[in-house]
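Residues -26 to -1, 1 to 158 (mature numbering (1 follows the signal peptide of the UniProt record, and there is no 0)) are what the sequence shown spells out, left to right. For reference, the structure discussed in these notes is given below.
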Amino acid sequence: MRSLVVKSCCLFFLILFVSQHYSVSATKKPLDPKKPCKRFVLYYHDILFDGDDVANATSATSANATGLGNFNFGKLVVFNDPMTKDQHLLSPPVARAQGFYFYDLKTNYNAWFAYTLVFNSSDYKGTLNIMGANIAMEKTRELSVVGGTGDFFMTRGIATFETMSIEGFKYFRLKMDIKLYECY
Ligand SMILES: *[C@@H]1O[C@H](CO)[C@@H](O)[C@H](O)[C@H]1NC(C)=O
Ligand SMILES: *[C@@H]1O[C@H](CO)[C@@H](O)[C@H](O)[C@H]1NC(C)=O
Ligand SMILES: *[C@@H]1O[C@H](CO)[C@@H](O)[C@H](O)[C@H]1NC(C)=O
């Protein structure tokens, strides 16, 4: 009788332990925004084609503004832009940003971005896919890193944008602070 009590008691604790163990491993550890598994800052340079600068331009309007408001609503720009490690346009690019943005607000300049960072250097090989609203009125904007390939296999994270320079509709430069929270 005694041994039966001991056995069932042991079994009870075993089940308790196993179920706790599984419930712990089934819930993901919360991510700490301050502790990315990988982080780097790159600068994005966009030189908009004006009809003459074929050799220099890296982006072009592929659909014109619609006339809804005065802030380019509906204008679509396709780009293949250099990404550099420092702010200088002429620094050797470490990646290309390939994608588009379009203006989507009647009352101010506001754009929505979707693009791939294509890396082909000794540091990194692979791609990062980034998309989201670039709310131009805010000093910094957060876009989602929705996935990756190669050295960035299955990654996810946040890309924080900050505008560093704007020269009319000819050129602008963004700082992109890329923080990844899932690294494999
Ligand atoms: C695009 O729209 C702007 C403003 O509506 C106009 O000034 C410009 O000529 C248009 N460009 C083209 C290529 O149609
Ligand atoms: C990556 O760089 C290598 C060496 O410069 C080159 O041979 C290859 O074509 C490049 N690949 C892409 C996708 O640009
Ligand atoms: C290329 O465009 C940038 C940005 O507008 C400008 O600073 C630079 O002088 C241009 N380079 C040439 C060779 O036109």
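Ideal Cβ positions, reconstructed from N, Cα and C, are used throughout, including at glycine.
**Study point:** Reduced DSSP secondary structure (H/G/I, E/B, other) of Val(-3)
**Key:** Reading the sequence shown from its first residue, position 24 is the one you call residue -3. Its pLDDT being 48, under 50, Val(-3) is placed unreliably by the model, and nothing is read from it.
Exercise for review: Determine which residues share a DSSP beta bridge with Gly124 and list them.
Suggested key: The residue labelled residue 124 in the question sits at position 150 within the sequence shown. Answer is Gly100, bridged to Gly124.
Check your understanding: So what's Val(-9) in DSSP terms, helix, strand or just coil?
Key -> As a first step, residue -9 must be located in the sequence shown, where it is residue number 18. Note on Val(-9): pLDDT 48, under 50, position unreliable in the model; the coordinate value appears next. The answer is helix: DSSP assigns Val(-9) an H, G or I state.
Check your understanding: For Asn94, is the beta carbon positioned less than 7 angstroms from some heavy atom of ligand 2?
Key -> Your numbering for residue 94 matches position 120 in the sequence shown. For Asn94, the CB falls within less than 7 angstroms of some heavy atom of ligand 2.
Review point. Using the beta carbon as the reference atom, which residues fall closer than 5 angstroms to any heavy atom of ligand 3, ordered along the chain?
Key: Ordered along the chain, the selected set is Ile21, Asn30, Lys144 and Tyr145.
**Study point:** Endpoints, beta strand (DSSP E) assigned at Glu136
**Key:** In the sequence shown, counting from the first residue as 1, residue 136 sits at position 162. For Glu136, the enclosing beta strand (DSSP E) starts and ends at Arg130 to Glu141.
Point to revise | Close Cβ partners of Ala88 (< 7 angstroms) along its chain, the five nearest in sequence each way excluded | key: Here the question's residue 88 lines up with position 114 in the sequence shown. Closer than 7 angstroms at the Cβ level, and outside the excluded window around Ala88, lie Gly73, Phe74 and Met105.
**Study point:** Inter-residue spacing [alpha-carbon to alpha-carbon] between Val(-9) and Cys157
**Key:** Indexing the sequence shown from 1 puts residue -9 at position 18. Indexing the sequence shown from 1 puts residue 157 at position 183. Model confidence at Val(-9) stands at a pLDDT of 48, short of 50, so the residue's coordinates are unreliable; what they give is reported in the following sentence. The straight-line gap separating the alpha-carbon atoms of Val(-9) and Cys157 is approximately 28 angstroms.
**Study point:** Nearest-angstrom beta carbon gap, Asp20 and Ser33 [assumed within contact, 8 angstroms]
**Key:** Indexing the sequence shown from 1 puts residue 33 at position 59. Indexing the sequence shown from 1 puts residue 20 at position 46. Taking 8 angstroms as the upper bound for CB-CB distance, Ser33 and Asp20 are in contact here, some 5 angstroms apart.
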